[in-house]
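Chains as they are written, first to last, in my numbering: chain L, 258 to 428; chain D, 258 to 428.
Positions of the beta carbon are idealized from the N, C-alpha and C atoms, including for glycine.
Computed from a prediction, not measured in an experiment: that's the story for all the values here.
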């Protein structure tokens, strides 16, 4: 009886998970959306006035460690950079402030020199909107990403320059 | 002998810590700099065109949980909002992108309705530059923060609107 109850609880927990989580498909080049990237630490931000969007760039632990040590050319193997992009909007209560509005997409660069040797050692992928629909009709979408990054070939193909942050503190 | 060696290692580790960490003084209203805020999760970002600065707004766990649940009016007790501010600069490799340059300051709002009842239930504090020098000559500096936040009295005194993010995912 006790076991049956435990089994029922387990089943309910699976059902809950299925109900709450969104199923996200891999990108056409088979890259899976890095789970939990929304919780990663900040590396930088930007405002693209041409694209009318605000961006926050996050990194996985390997990338953040490299960014803080200012050792990012090249970025270490295993680094993942996540760029969250929103359309720009005006803050009603402070008109001179431009703030994120609609979520546009999250895009990623994954450093694996061997696996992605044809694209500068980086795997590229993007998921659109809050529903995170994979971007690209087939695996050739990557050529668009890669060619756009050509101006930063000498910066290990990365536009982002990690923002300076105060170091750890002691009271 | 083994114990002496362990003791020596321990001593060295303390010395290293003392050498690497910056000593940060509390604000004139006795608020201490929240340790490790640089590692907190993102709530939003902004570009203040009047102040020529880019901002990333982070939150402690209580604040991030409330932001993601869209329960921020009022923010729950114990919420801390951290705003990191950089002067705006131009990205050399993509001229239309405005990016963080010099670190200006980190500023905080700490929700404690009882302790900070005179300023809308929020404690305010700011630390300047990478060296994190406390802002304000005496505790009256808070009046400047508070009066500036008057336009958002109806939004629990907070300008920041949490950015929309995709929810957790399942492959």
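- In this structure, the alpha-carbon of residue 388 of chain D lies about 9 Å from that of residue 424 of chain L.
- Judged by DSSP secondary structure, residue 401 of chain D falls outside any beta strand (DSSP E) and instead within the alpha helix (DSSP H) spanning 398 to 405.
- Under the Cβ distance rule, residue 404 of chain D does not count among the residues neighbouring chain L, no pair being separated by less than 8 Å.
- As the crow flies, the alpha-carbon of residue 303 of chain L is around 26 Å from that of residue 319 of chain D.
- In the DSSP annotation of this structure, the continuous segment of the beta strand (DSSP E) that includes residue 313 of chain L starts and ends at 310 to 316.
- Per the coordinates, the alpha-carbon of residue 385 of chain D lies some 12 Å from the alpha-carbon of residue 422 of chain L.
- With contacts defined as CB atoms closer than 8 Å, residue 324 of chain D and residue 419 of chain D qualify as a contacting pair.
- Straight-line measurement puts the Cα of residue 317 of chain D at about 25 Å from the Cα of residue 362 of chain L.
- One finds 423 in chain D with Cβ atoms closer than 8 Å to the Cβ of residue 363 of chain L, taken in chain order.
- Restricting attention to alpha helix (DSSP H) runs no shorter than 4 residues, the segment 294 to 363 of chain L encloses them at 318 to 325, ordered along the chain.
- At the C-beta level, residue 369 of chain L and residue 396 of chain L stay beyond 8 Å of one another.
- Cβ-Cβ distances below 6 Å link residue 342 of chain D to 310, 312, 361, 362 in the same chain, with the five nearest sequence neighbours on each side left out; the list follows chain order.
- A distance of 8 Å or more separates the beta carbons of residue 364 of chain D and residue 355 of chain D.
- DSSP places residue 391 of chain L within a strand segment (E or B) once states are collapsed to three.
- From the listed residues D:358, D:295, D:290, the smallest Cα separation to residue 382 of chain D is found for D:290.
- Using a Cβ-Cβ cut-off of 7 Å, residue 343 of chain L is close to 420 of chain D, given in chain order.
- Residue 353 of chain L places its beta carbon 8 Å or farther from that of residue 297 of chain L.
- Assignment of residue 280 of chain L by DSSP, reduced to helix, strand and coil, places it in the strand class.
- By the beta-carbon neighbour count (other beta carbons within 10 angstroms, threshold 16), residue 405 of chain L is exposed.
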